[in-house]
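**Q** Line by line, the protein sequences are chains A, B and C.
Every position in the first sequence, counted from 1, becomes a number in our numbering once 51 is added.
Every position in the second sequence, counted from 1, becomes a number in our numbering once 47 is added.
Every position in the third sequence, counted from 1, becomes a number in our numbering once 2 is added.
Backbone N, C-alpha and C define an ideal beta-carbon position, used for all residues, glycine too.
Just so you know, these numbers come straight off a predicted model, no measurement behind them.
The following block contains the structure, expressed as structure tokens.
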Amino acid sequence: MLRKKSNGAVRAARLKDALAPVAGSPLDRRSFLARSGLLTGSVALASVLPSGAVRPAKAAAAGPLTSGATRVKSVCTHCSVGCTVIAEVKNGVWVGQEPGWDSPFNMGSHCAKGASVREHAHSDRRLKYPLKLEGGQWKRISWETAINEVGDKMLAIRQKSGPDSVYWLGSSKFNNEQAYLFRKFNAFWGSNNCDNQARICHSTTVAGVANTWGYGAMTNSYNDMHNAKLMIFFGSNPAEAHPVAVQHILKAKEQNKAKLIVCDPRFTRTAAHADEYVRLRPGTDVALVWGILYHIFKNGWEDKEYIKQRVYGFEQVKAEVMKWTPEETEKVTGVPGAQVAAVAKMLHENKPGTLVWCMGGTQHTSGNNNTRAYCALQLALGNIGVAGGGANIFRGHDNVQGATDMNILPDSLPGYFGLATGAWKHWARVWDVDYDTIKARFASQKLMESVGIPVSRWIDGVLEKKENIAQPDNIHAMVFWGHAANSQTRLPEMKKAMEKLDLLVVVDPVPTFASIIPDRQDGIYILPSTTQFETYGSVTASNRSLQWRDKVIEPWFECKTDHEILYLFSKKFGIDKEMFKHIAVKGNEPNIEDMTREYNRGMWTIGYTGQSPERLKAHMANQDKFDPTTLKAKGGEVDGDYYGLPWPCWGTPEMKHPGTPILYDTSKPVAEGGLTFRARFGVEYKGESILADGSYSKDSEIKDGYPEFTMAMLKKLGWDGDLTPAELASIEKVAGATKPAAPADATAPVDAAAMADYDKKIGGVNWKTDLSGGIQRVSIKHGCAPFGNAKARTVVWTFPDPIPLHREPLYTARRDLLPKYATYSDRKAWRLPTLYASIQKVDHSKEFPTILTTGRLVEYEGGGDESRSMKWLAELQQDMFCELNPADAGKLGVKDGGNVWVHSPEGGKVLVKALVTPRVAAGVAFMPFHFGGHWQGKDLRSKYPKGSDPYVLGEASNMNGTYGYDVVTQMQETKVTLCRVEAA
Amino acid sequence: MARMKFLCDADRCIECNACVTACKNEHEVPWGINRRRVVTLNDGKPGERSISMACMHCTDAPCAAVCPVNVFYTTADGVVLHSKDLCIGCGYCFYACPFGAPQYPKTTNFGSRGKMDKCTFCAGGPEADGSKEEYEKYGANRLAEGKLPLCAEFCSTKSLLAGDGDVIAQIYKERVSKRGYGSGAWGWQTAYHETIAS
Amino acid sequence: MAKVSSRLLSHICIAAAVMMLVLIAAAAPSSPASAQNVPQAATSEQQLLNQLKLGGAISGQVSIPDKKSANLIHPAGRDWRTFRTVWLKWIGGVAVVGMVVLLIGFYMWRGTMKIAGGRSGRTIVRFSGFERFVHWLTATTFVVLGITGLNITFGRALILPWLGPQAFSEWSEWSKYAHNYISFAFTLGVLLMFLMWVGQNFPTKADITWFKMGGGMFSKGHTEPAPAWKFNGGQKLLYWFIVVAGAAMIVTGFILLFPFYAGLTIDSMELSQVFHGTVGVLFVALIIAHIYLGTIGMEGAFEAMSDGTVDVNWAKEHHPLWYDEMKSGAVDANAVVTPAE
């Protein structure tokens, strides 16, 4: 009986079945291997593909659970790689998960998180009903009560303090449609006090990079890294943060023998696979980059022709760079001079090379300097706009790119239109509502057009003196909508802020740490939202590709989708009629596709216009047609498209632009995904032209630089005749102009004044505001980029440091460097006073001698509330820890696994386990940021709503996260502060 | 006849634990049972390597040799399986296993550790292929469905290979010759008494 | 107690000790903590295997709490397997079967050792009720432990074929439970036995004489009784074996019963099993001899543990010094000579 499996009779029967070529009959291994070609020598192919041996035959029978199940395609909701998830659903239950082999992004792969997404439909720790804190107890309430009570309280606050006193903190876990709706909702609520995780993730990237060459996104793609001959990482650890991206990285490493350089204070799992590991002191990225660039300039290794044609300001940068001699670089960064020289040589000898950075580079008080320094390095090497090169900025959340593009941000409207009057008018036209209607919702036009408070500073919006804030009153209500409180620094102060609020609302699939931090008796509401597997819509991966998710399961218990909750609030606030004018609502659920089409009609700036729901769905259905390196489709209805129509996907969907796989790649015509650097900063600066000099994209009819396209420019070029009458009519409508009627008598003179007025009006309509897409279509028809053709700039004259400078962190132990590399002066920004020098001048280095930095674990994501509620993941990391170098641990008398107190100069402290490891250098401690639920040694499990406490709790690293914000974007500084570790 | 094996290419493994959660997902393995795990050698030092490890389905499996009640059997595909009905939970297979594969539901055991559980190469157990009983005791039987183990299929970097030993050995060999380095087919000497020349 | 059996015993003990030393040497040096010190430069499997000491493991770091899972490859399992599937079977087989064969031979040659002077009809109290309780507590639990223990080692080869997998598995599972739980009673028995009899089991000069005379068992004719107090030299040897080996069985058994407690590693488990198995089969063999002598091997011996009394002549022949002592009533107030019924 035990021998059944190897029993000859049984085996023979199965073999016979297998040999019979009946479709759908069970295959045994042998026949499967035979059919998949693995037995007959396709090994060479298999080993060339990174997928190795394991691409199985399709179909075949399924097990007891999965037989008869339908397969639904979705996209993983964790990081930004965009892995396709194949869900097997039976009777409404998500019963199995299979590899999505056809996805060019993940080719079947997942990481720990992706491999366990089915638990979203499983985890008994998820919220089931709306809850309210009453007398210190969580009480189940109905949705109706929840919306009414929360809504009434908000309206009262609005009445008393104005709309800016309610803070709507949105999420990069929204899909694009929800993100778009959330931003629109905020416009209708009448405040710019909204934000999302992008603020504390890559805001310095977006600001730095967009101000260098036009767009603030990843220039190439994970897949394009196949073409790289060198990959250099700054503060990026894809092995844990973007594991599936590593297959693309390793492909380059193995097939191109590409050099892999990891610059990180911590010896990460990525560093383990590096050819060169550069250990720098946290917070010295600019110094290191300039130190590398020093050798490049010194040896004349820079790409002179490229710089001449396409880059502005390198002479000024060079002056700064040449101060960074090997000695100075070593003194500041701790990296041996010889290693810096070796890295520079590798960069020079191995082109194209790609540069990747993540939070290690962005989360600093001078984060924008770091990001611009990286850009400068790549520009010097001529690595931008080429396959295998690029600034490959790996983003964090699954849709942090999309949520950024939709601008759930306090400083812009969807598509980075900004907040100026023109931007509002543009969106009012798209929404088909009166500009004045929107304006009336705001406290004032001034507040409507001034940036709001960023998420990193909301606590100051509560705690700061009213007279110091550039808005009528403090924040009184805080909405945490899909955002972890413990991912923000200064938790001890956050607790105070949360206790001072009138109202705290948490909208999330899990209760989150936010709902239990404050010691309150009432005033907290928890609204259960669904995960993205319970709805559908588009999501933008890090490489700007949009993917369409299908709905896997119905919402769990009483959970509601984010867009439905938004609709309920809009109804409560009486703004639903205008808000959903062109979005169908079924029941209480707004139609997703209608929202896609609406932003398609407005987001011309970054080309979110060509990605109609139909095209995106077609891409998901034809994933197998896309080349895993170029992302270009061959054959089928998607022939010629790039996977996910990476933005900018110019013009209307009907124009069929294929998307732009590599930004600023002049080797392709714009119509086929080519691009120039954007003319975003005018045509000249200080009398010097900043348009491209002799560089242009393939087939461009203008063989030189040119400014961004306007109707006037089309006319000047004589291309306005290419516009269709419908396009012209649309442009006229935007301009509010009517063409003076031609006189009946053809010989009579036209009304010159009227004509001039008309020309002036329509001449002002540009590629961003033309709702027909005609201007984009025509410019592309002539081979030109709608946004112009300029030089990238390495000097951002509008920033506090036009040329990136090294500045010591606010909490630094290197007092000796302060005279030369001090931080900024205190200033007021984003409605709030912001401190720099006054913090840095206090010397904490004696009491707090250890540098503290933070980072990610592969098993968890963000604040970890959700992933710690998933038992398959939670089991793998059960304890919050602090990494300590063996030398430090020895001095402290701390054993691996022993408890330590980590104290912060701002009074925070955490009780965590010591992980003694040489991953960190002596004098540096590292903590992961995913934990929450403990408070300075106290376990708060009992405060969670019963049954919804995450499996794993722990101290939050941000208990020790100190003050410090990027001077441009208010990015919080989490990557370097000081601490004191003590044995507990 | 195919001889199923696992091969972890440590030069690609990044300890992402996809294999571990894939296994949990596919078989609903409870907390505390780790059919597969990732071990990092030389942690934090140059030369650090991570290796995903589970039952290697050894040739002449030690677990089968030492089992006092003979619950193990090897399928025609070379997969080492066992009967939970017959297992008495004595723990001897754990002593003999060079890879720490056998798992027991009770770790604080007194009279019993419970029935041993281990990686099945996604091939179920002695019950009828694809039956409910098989699923409940051993998890899914992917091999019977013509699919390979989910851990390897999900592997983020294609480090973990599962399939016919000759085929995956060939793939590994070609990888090594192409890229010029390879830290070895971890566990093969111990499990199969063979190495892959590189 | 038979001289032959004690000699055999000593031989087996030496053999076992030598083998155990080998195994200890094989298994001892590995501990996962020290194995963290894998070389700096290249982490290649071949290199690590080459550097591996006998019994060691290639070991690293895991995030899950189950730290024993940090052992990646532990080839020592193979050595343990060889012990279990080859060595233990031979040791056990030779010891148990050899002992039975020896005893049969001895019986055929010697037959039941009669009371030379015949039964006197008078008895003397040899073991009190408490002593007998302790003996039988230890004895019965030992028998269960021995049988269930042998089942784990030999059952697969000997019983499984005729019982079939289902029934054998069932039986084995119950016998495992029995083995695990009864071990506590056995522990108590050994402990009490140790305390109860330790005073009477220190070696004396008489024991040397006793051993020189082979306990009087190897001469068929009537000879002078070998000198012995309450326990003769052979019995003392048995006693100390039971105490020492019993303790070893108990300690190793508990290590196996509570695996991985107190930082114990897989090596300590394997080593414990080696001890437990080896000592176990020797123990069984020795107890078989003990049973033989206490029953059919010697007339008048069994009564000592059944009703607690022995015939006076038996006492004179086998424990003359003790008998004299009893007779003088110097030591044991309970030792009253009564007429047999």
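Are A:D559 and A:G533 close, meaning C-beta to C-beta below 8 angstroms?
**A** If you number the first sequence from 1, residue 559 of chain A lands on position 508. If you number the first sequence from 1, residue 533 of chain A lands on position 482. Yes, the pair counts as a contact, with Cβ atoms nearer than the cut-off.
**Q** Measure the Cβ-Cβ separation of B:G186 and B:H104 and say whether it is below 8 angstroms.
**A** Working through the second sequence from its first residue, we reach residue 186 of chain B at position 139. Working through the second sequence from its first residue, we reach residue 104 of chain B at position 57. No, Cβ-Cβ distance for B:G186 and B:H104 is not below 8 angstroms.
**Q** Against chain A, which members of the region 161-178 of chain C pass a CB distance test of less than 7 angstroms?
**A** P167
**Q** Just to confirm the assignment, what range does the beta strand (DSSP E) spanning A:Q598 have?
**A** What you label residue 598 of chain A is simply residue 547 of the first sequence in a count that begins at 1. L597 to R600 is the extent of the beta strand (DSSP E) around A:Q598.
**Q** Taking only beta-carbon atoms, is C:H13 less than 8 angstroms away from chain A?
**A** As a working note, residue 13 of chain C is residue 11 in the third sequence. With a pLDDT of only 42 at C:H13, under the threshold of 50, the placement of this residue in the model should not be trusted, and no figure is reported.
**Q** So which residues of chain A does C:I268 contact, with C-beta pairs closer than 7 angstroms?
**A** On the third sequence, position 266 is the one that residue 268 of chain C refers to. Those do not exist, as C:I268 stays about 19 angstroms from chain A at its closest Cβ, beyond 7 angstroms.
**Q** Output yes if chain F places a C-beta closer than 8 angstroms to the C-beta of C:P67; else output no.
**A** Reference to chain F is not applicable here, since the protein chains of this structure are A, B and C.
**Q** Buried or exposed: B:H240, going by 16 or more other Cβ atoms within 10 Å of its Cβ?
**A** Position 193 of the second sequence holds residue 240 of chain B. With fewer than 16 Cβ atoms within 10 Å of its Cβ, B:H240 is classed as exposed.
**Q** Tell me C:T311's beta-bridge partners as DSSP assigns them.
**A** As a working mapping, residue 311 of chain C is identified with position 309 in the third sequence. C:T311 pairs with C:V127.
**Q** Please report the Cβ distance between C:S171 and B:L133, rounded to the nearest whole angstrom; I am assuming they are in contact, meaning their Cβ atoms lie under 8 angstroms.
**A** Counting from one through the third sequence, the residue named residue 171 of chain C turns up at place 169. Counting from one through the second sequence, the residue named residue 133 of chain B turns up at place 86. B:L133 and C:S171 do touch by the CB rule: their CB atoms are close to 4 angstroms apart, below 8 angstroms.
**Q** Which partner residues of A:S593 appear in the DSSP bridge assignment?
**A** If you number the first sequence from 1, residue 593 of chain A lands on position 542. Looking at the DSSP assignment, A:S593 forms no beta bridge with any residue, so it has no partner.
**Q** Let me check one thing: in DSSP terms, what residues is A:H448 bridge-paired to?
**A** By 1-based counting over the first sequence, the position of residue 448 of chain A is 397. DSSP output for A:H448 lists A:C130 as bridge partner(s).
**Q** Short check: CB of A:P704 to CB of A:S663, under 8 angstroms?
**A** As a working note, residue 704 of chain A is residue 653 in the first sequence. As a working note, residue 663 of chain A is residue 612 in the first sequence. Their beta carbons are under 8 angstroms apart, which means A:P704 touches A:S663 by this criterion.
**Q** Apart from the five residues just before and just after A:S287, which ones in its own chain have a Cβ nearer than 7 angstroms to its Cβ?
**A** Here residue 287 of chain A is taken as the residue at index 236 of the first sequence, counted from 1. Closer than 7 angstroms at the Cβ level, and outside the excluded window around A:S287, lie V407, W408, C409, G411 and F445.
**Q** Could you tell me the distance, in whole angstroms, from the CA atom of A:A424 to the CA atom of A:M269?
**A** As a position in the first sequence, residue 424 of chain A is number 373, starting the count at 1. As a position in the first sequence, residue 269 of chain A is number 218, starting the count at 1. Computed Cα separation, rounded: 15 angstroms.
**Q** Hey, would you say A:N537 sits closer than 8 angstroms to A:G983, going by beta carbons?
**A** The residue given as residue 537 of chain A occupies position 486 in the first sequence. The residue given as residue 983 of chain A occupies position 932 in the first sequence. Yes, Cβ-Cβ distance for A:N537 and A:G983 is below 8 angstroms.
**Q** Using DSSP with H/G/I as helix, E/B as strand and the rest coil, what is A:L1004?
**A** In the first sequence, the residue the question calls residue 1004 of chain A occupies position 953. In this structure, A:L1004 counts as coil in the three-state DSSP scheme.
**Q** Between C:M101 and chain B, is the shortest Cβ-Cβ distance under 8 angstroms, so that the two count as touching?
**A** Here the question's residue 101 of chain C lines up with position 99 in the third sequence. Not an interface residue.
**Q** If you draw a straight line from the C-alpha of A:W607 to the C-alpha of A:D246, how long is it?
**A** For the purposes of this step, residue 607 of chain A is taken as residue 556 along the first sequence, with counting starting at 1. For the purposes of this step, residue 246 of chain A is taken as residue 195 along the first sequence, with counting starting at 1. Cα-Cα distance, rounded: 27 angstroms.
**Q** I'd like the ranges of any beta strand (DSSP E) spanning at least 3 consecutive residues and lying wholly in the region 99-186 of chain B.
**A** 119-121 and 127-129
**Q** Could you give the first and the last residue of the continuous alpha helix (DSSP H) run that contains C:T211?
**A** Position 209 of the third sequence, counting from 1, holds the residue named residue 211 of chain C. Start and end: K207 to K214.
**Q** Between the region 171-195 of chain B and chain A, which residues of the former have CB atoms less than 8 angstroms from a CB of the latter, in chain order?
**A** P173, D176, G177, S178, K179, E181, Y182, A187, N188, R189, L190, A191, E192, G193, K194 and L195
**Q** Would you call A:M806 buried or exposed, if buried means 16 or more other Cβ atoms sit within 10 Å of its Cβ?
**A** Locating residue 806 of chain A in the first sequence gives position 755, counting from the first residue. With fewer than 16 Cβ atoms within 10 Å of its Cβ, A:M806 is classed as exposed.
**Q** Between B:R96 and chain A, is there a C-beta pair that is closer than 8 angstroms?
**A** Your numbering for residue 96 of chain B matches position 49 in the second sequence. It does; some Cβ of chain A falls within 8 angstroms.
**Q** Would the region 948-964 of chain A and the region 884-904 of chain A be scored as touching if the rule is three or more Cβ pairs under 8 angstroms?
**A** Yes: at least three Cβ pairs fall under 8 angstroms.
**Q** My output table needs one value for A:W219: the three-state DSSP class, helix, strand or coil.
**A** Locating residue 219 of chain A in the first sequence gives position 168, counting from the first residue. A:W219: strand per DSSP, three-state reduction.
**Q** State the CB to CB distance for the pair A:V961 and A:E1006, rounded to an integer number of angstroms; the pair is presumed to be in contact (CB under 8 angstroms).
**A** Here the question's residue 961 of chain A lines up with position 910 in the first sequence. Here the question's residue 1006 of chain A lines up with position 955 in the first sequence. About 4 angstroms; that satisfies the 8 angstroms criterion.
**Q** Grab me the residues of A:M397's own chain with a C-beta within less than 6 angstroms of its C-beta, minus the 5 sequence neighbours each way, in chain order.
**A** For this step, residue 397 of chain A is matched to residue 346 along the first sequence. Excluding sequence neighbours, A:M397 sits near K310.
**Q** My understanding is that A:Y875 touches A:P851, with C-beta atoms under 8 angstroms, so please give their C-beta distance in whole angstroms.
**A** Indexing the first sequence from 1 puts residue 875 of chain A at position 824. Indexing the first sequence from 1 puts residue 851 of chain A at position 800. With 8 angstroms as the limit, A:Y875 and A:P851 qualify as a contact, their Cβ atoms being about 6 angstroms apart.
**Q** Return helix, strand or coil for A:S955, following the three-state DSSP convention.
**A** Walking along the first sequence from the start, residue 955 of chain A turns up at place 904. Looking at A:S955 - three-state DSSP - the assignment turns out to be coil, as it is neither helix nor strand.
**Q** Considering only their Cβ atoms, is the gap separating A:H670 from A:Y694 smaller than 8 angstroms?
**A** By one-based count along the first sequence, residue 694 of chain A stands at place 643. By one-based count along the first sequence, residue 670 of chain A stands at place 619. Yes, the pair counts as a contact, with Cβ atoms nearer than the cut-off.
**Q** Within the continuous alpha helix (DSSP H) that includes A:V1018, where are the two ends?
**A** Position 967 of the first sequence, counted from the start, is the residue given in the question as residue 1018 of chain A. Neither: A:V1018 is in no alpha helix (DSSP H) and is coded neither H nor E.
**Q** With a threshold of 16 other CB atoms inside 10 Å of the CB of A:F285, please say whether the residue is buried or exposed.
**A** In the first sequence, residue 285 of chain A corresponds to position 234, counting from 1. Classification of A:F285: buried, given that the 10 Å Cβ count is 16 or more.
**Q** Would you say C:M271 and B:Y142 are within 8 angstroms of each other, going by their C-beta atoms?
**A** Translated into positions along the third sequence, residue 271 of chain C becomes position 269. Translated into positions along the second sequence, residue 142 of chain B becomes position 95. Yes; because the gap between Cβ atoms is below 8 angstroms, this pair is in contact.
**Q** Look at A:R209 and A:P465 and say whether their C-beta atoms are less than 8 angstroms apart.
**A** In the first sequence, the residue the question calls residue 209 of chain A occupies position 158. In the first sequence, the residue the question calls residue 465 of chain A occupies position 414. Judged by their CB atoms, A:R209 and A:P465 are not nearer to each other than the 8 angstroms cut-off.
**Q** Just curious, the alpha helix (DSSP H) that A:A309 is in, first and last residue?
**A** Residue numbering aside, residue 309 of chain A sits at position 258 when the first sequence is read from its first letter. Note, A:A309: premise wrong, no alpha helix (DSSP H); not H, not E.
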